[in-house]
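Per my numbering, the sequence shown starts with residue 8, numbered consecutively.
Note that beta-carbon positions come from the ideal geometry of N, C-alpha and C, so glycine has one too.
Presented below is the structure to which this report refers.
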Amino acid sequence: DTGGYGDRFYKVHLVVYTEYASSWVASGTNLVKYSPDGAEVARIDDSLSEVSDLVLNSNSHKLWVLDRASNALYYYDTFGRLLLKEEDLFQTPL
């Protein structure tokens, strides 16, 4: 870091599915879908606190997202529309 603030680490999750060659990319509270040419196709940033994992169903192109900070599980369609939100499914260990 040239600003003198030490090292900065960025946690990025990447999921790629080959049918359309599109990519879902998550970092912190943002989740973005990119086309093969790098254009932004969809963005989900209104309800996530801290994305910790992504799983893509390659048959239906539906996306499961685990939000560690809010202990919630989200289910989105291929366009980023929320289909299901389950809260309080997980508990943080003491």
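C-alpha gap between residue i and residue j, whole angstroms
i: residue 62; j: residue 70; result: 6 Å
i: residue 75; j: residue 64; result: 20 Å
i: residue 82; j: residue 96; result: 14 Å
i: residue 59; j: residue 31; result: 13 Å
i: residue 77; j: residue 46; result: 29 Å
i: residue 88; j: residue 14; result: 36 Å
i: residue 92; j: residue 51; result: 13 Å
i: residue 86; j: residue 44; result: 17 Å
Three-state secondary structure (DSSP) of residue i
i: residue 47; result: strand
i: residue 38; result: strand
i: residue 59; result: strand
i: residue 69; result: coil
i: residue 29; result: coil
Exposure of residue i, with buried meaning 16 or more beta-carbon neighbours within 10 Å
i: residue 38; result: buried
i: residue 12; result: exposed
When the options are compared against residue i, the one with the closest alpha-carbon
i: residue 29; options: 57, 59, 12, 68; result: 68
i: residue 56; options: 83, 84, 72; result: 72
i: residue 53; options: 66, 43, 60, 35; result: 35
i: residue 66; options: 42, 49, 84; result: 84
i: residue 79; options: 88, 89, 94; result: 94
In DSSP terms, what residue i is bridged to
i: residue 74; result: 58, 79
i: residue 90; result: Partner(s): none; residue 90 has no beta bridge.
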